[in-house]
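> There's a structure below that I have some questions on.
Residue numbers (the working numbering), protein chains in the order written: chain A, 1 to 358; chain B, 1001 to 1282.
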């Protein structure tokens, strides 16, 4: 795949491209219209070991690129048609590589390879320097602590997720309601309501695949089309927010120009925003500006005092793409959702049969 | 009557030209982009009964009927909807009134009508396809600048990019198809191909195959109206091409906007309810 080679190539170009400042001087309004591929291998939160280190040296960046290239080479390799049946519980390469995404994406029990995963071809630079994370504030690149209430909520949610053991473990654990009892308690992405990982946001974050964004800017609106689950964010320019009883899956977004920067303010979320752990009180301010003709700088600040003890901010670049966005019809063929719920009923019947319950 | 005459007299007396509404629209009243093309930006909506039945039709008791002792009655699952479940009449949007089905396709349409509740993809909140998306009872918003045209629909959060350059044949079939637009004077002509065979054209079983091609024409006929036409070709299902035509109205009220209507969450009980741990009464 040519995309993987680009990691090495772009690293060799360090220093060649010094990026212009974020805000266009003189207040001229740029046209942000275009298609952007926001995939990046740069992590959302910074690895703890890096502390407050915002950028990588060329040597460090090359080391990361070598590791990524090695993972990608193995993950993209054709599956061995003569491989043995994996052992119960899985013995796949995911564990060996220590890449948590692979546990889900390729599967430890014989998922084929990374054919359908697209985390982009490299890391991103701002002002010519490789960044260590998307989150830049707090300075350690990690989300601030959650409030006790939010920690409790997140803890309860975490109890609902376990690796598939092939049994109705939630009955043994005494969970009521169980994690598969009703469609409404499943993750929004499983239900085809929103893409996973805050791809539609806001804030709009890079995810495992389908990372295209399409912007069409007009005088009084900016459309931000999110590839996954065909979500159209409609930003009303110089408008007032809808009254608080009007809540939206992607929140209510109004925009204004500050010089050459499009500032989008979003509130009025539902009880379950795309952003993990966020609540209906989420408030996101996004700033879009042009770095050059092929690149946007995307910056955002997240506030939700009922969830995080402080606001936090991040930034990353959106490179233009010549790809077209294909239709992401999710709900129309969500056969696996029926399988998830129906499968849980089968496991429950098996377990209840064994334990002699109803 | 007296009142009308009075107004008429007053207008004449004031020396104003009382022009018919249609004649008041002229090319100069159409909003335009800097490049001179009509500006299609706005929130638009059809105002007719085409989503019930695109053909000319009288009002009827229900979308799914059974035989009663004195004529058709609503089928059992729809009975309790009463007047809300009835179909409003309409002069139809099909030029000539009738769709030129092949005999087999006409029979399938009748089957579809008898099984409307099971078969209409709108009920399951599936992407509505083209042209149906344009005349559902929901608004849609056109985003239009000199290089791009994009349509967002309220129903099911459906979307379409209308490419303004040749992108070649559709690489895969999809619910909303591949749309490629060009201008003929003040008319935006959109060729839609790559549509799958899963969508309907109304709640009355109007169906098509994956070979359907739709040629749409959007023509401003005033500051707040577009004339919408769609020529439909599908040799598997129709004996010739045929055309639908209707005005689209701008939603002019203050604060008009698309609301959320993802609708996936509204059909989960219908589609998945039987798989709940404790199924509800169904």
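Idealized CB from N, CA, C, for every residue including glycine. None of the values given here were measured: they were computed from a predicted structure.
Assess, as a yes-or-no matter, whether the stretch 288–308 of chain A is touched by the stretch 1237–1245 of chain B under the definition of 3 or more beta carbon pairs within less than 8 Å.
In short, these stretches do not touch, since the Cβ pair count stays below three.
> Against chain B, which members of the stretch 195–219 of chain A pass a CB distance test of less than 8 Å?
So the close ones are 214, 216, 217, 218, 219.
> Taking the alpha helix (DSSP H) that residue 181 of chain A falls in, what are its first and last residues?
Neither: residue 181 of chain A is in no alpha helix (DSSP H) and is coded neither H nor E.
> Under a three-way DSSP split, which group does residue 230 of chain A fall into?
Residue 230 of chain A falls in the helix class under three-state DSSP.
> Rounded to whole angstroms, how far is the Cβ of residue 1132 of chain B from the Cβ of residue 1219 of chain B, which I believe are closer than 8 Å?
Not a contact, Cβ separation roughly 20 Å.
> Against chain B, does residue 331 of chain A count as a neighbour if the rule is that its beta carbon must be under 8 Å from one of theirs?
Residue 331 of chain A counts as touching chain B.
> Going by Cα to Cα distance, which pick from A:214, A:130, A:166 is closest to residue 40 of chain A?
Of the listed residues, the one whose Cα sits closest to residue 40 of chain A is A:130.
> Please look up how many angstroms separate the CB atoms of residue 168 of chain A and residue 327 of chain A, rounded, as I've assumed it's under 8 Å.
Going by Cβ atoms, the distance from residue 168 of chain A to residue 327 of chain A rounds to 36 Å, so no, they are not a contact pair.
> Please confirm whether residue 1095 of chain B and residue 1243 of chain B have their CB atoms less than 8 Å apart.
Contact flag set, yes.
> Give me, in chain order, the residues of the same chain whose beta-carbon lies closer than 8 Å to that of residue 1006 of chain B; leave out the 5 immediate sequence neighbours on both sides.
Confidence in residue 1006 of chain B is poor, its pLDDT being 41 and thus under 50, which makes the residue's placement too unreliable to answer from.
> Of the choices B:1042, B:1197, B:1248, whose alpha-carbon is the least far from that of residue 223 of chain A?
The candidate whose alpha carbon is nearest that of residue 223 of chain A is B:1042.
> So, using beta-carbon positions, are residue 31 of chain A and residue 151 of chain A closer together than 8 Å?
No, the pair does not count as a contact, with Cβ atoms beyond the cut-off.
> Would you kindly report the start and end of the unbroken alpha helix (DSSP H) that includes residue 1118 of chain B?
Here the alpha helix (DSSP H) through residue 1118 of chain B covers 1116–1119.
> Residue range of the beta strand (DSSP E) that residue 303 of chain A falls in?
Residues 295–303.
> If you run the structure through DSSP and keep just helix, strand and coil, what is residue 1217 of chain B?
Here residue 1217 of chain B sits in strand by DSSP.
> Since residue 1044 of chain B sits in a beta bridge, which residues does DSSP pair it with?
Paired residues: B:1140, B:1250.
> What first and last residue would you give for the beta strand (DSSP E) that runs through residue 170 of chain A?
That residue, residue 170 of chain A, is in no beta strand (DSSP E); its alpha helix (DSSP H) goes 169–172.
> Which whole-angstrom value is the C-beta distance of residue 1179 of chain B and residue 1192 of chain B, which I expect to be below 8 Å?
Sure, about 5 Å apart at Cβ, within 8 Å.
> For residue 311 of chain A, tell me which candidate among A:273, A:77, A:278, A:118 has the shortest Cα-Cα distance.
Of the candidates A:273, A:77, A:278, A:118, the one whose C-alpha sits nearest the C-alpha of residue 311 of chain A is A:278.
> Mind pulling the chain A residues with CB within less than 9 Å of residue 1141 of chain B?
Result: 221, 223, 232, 234.
> Under 8 Å, CB to CB, which of the residues in the stretch 276–308 of chain A have a partner in chain B?
Residues passing the 8 Å Cβ filter: none.
> Using a Cβ cut-off of 8 Å (strictly closer), state whether residue 1138 of chain B contacts chain A.
No, its Cβ sits nowhere closer than 8 Å to a Cβ of chain A.
> Who pairs with residue 1243 of chain B in a beta bridge, going by DSSP?
Residue 1243 of chain B pairs with B:1231.
> So within the stretch 309–341 of chain A, which uninterrupted beta strand (DSSP E) runs reach at least 3 residues, ignoring any that extend past its ends?
DSSP runs (the beta strand (DSSP E)) wholly in the stretch 309–341 of chain A: 312–319.
> Check whether the stretch 1250–1264 of chain B and the stretch 1109–1116 of chain B touch, using three or more Cβ-Cβ pairs below 8 Å as the test.
As far as the Cβ criterion goes, the stretch 1250–1264 of chain B does not touch the stretch 1109–1116 of chain B, which means the pair count is below three.
> Is residue 1022 of chain B helix, strand or coil when you go by DSSP?
Because the pLDDT of residue 1022 of chain B is 45, which lies under 50, any placement of that residue in the model is unreliable, and the number read from its coordinates should be weighed accordingly. Three-state result, residue 1022 of chain B: helix.
> What does residue 144 of chain A reach in chain B if we use C-beta pairs closer than 7 Å?
Correct list: empty, because the minimum Cβ distance to chain B is about 30 Å.
> Of all the CB atoms in chain A, is at least one closer than 8 Å to the CB of residue 1262 of chain B?
It does; some Cβ of chain A falls within 8 Å.
> Can the beta-carbon of residue 1087 of chain B be found less than 8 Å from the beta-carbon of residue 1060 of chain B?
Yes, these two residues count as a Cβ contact at 8 Å.
> Quick check: is the beta carbon of residue 388 of chain A nearer than 8 Å to any beta carbon in chain B?
There is no way to answer for residue 388 of chain A, as the model of chain A reaches only from 1 to 358.
> Would you report the Cα separation of residue 1079 of chain B and residue 1085 of chain B, rounded to the nearest angstrom?
When rounded, the distance between both Cα atoms is 8 Å.
> Leaving out the 5 sequence neighbours to the left and right, which residues in its chain are closer than 8 Å to residue 236 of chain A when beta-carbon positions are compared?
Around residue 236 of chain A: 220, 221, 253, 254, 255.
> Which residues does DSSP list as the beta-bridge partners of residue 46 of chain A?
Answer by DSSP bridge pairing: none, since residue 46 of chain A is not bridged.
> My output table needs one value for residue 1064 of chain B: the three-state DSSP class, helix, strand or coil.
Coil at residue 1064 of chain B, not helix or strand.
> What is the DSSP secondary structure of residue 196 of chain A, counted as helix, strand or coil?
Correct three-state label for residue 196 of chain A: helix.
> If you draw a straight line from the C-alpha of residue 1149 of chain B to the C-alpha of residue 215 of chain A, how long is it?
Spanning the two alpha carbons is a distance of roughly 11 Å.
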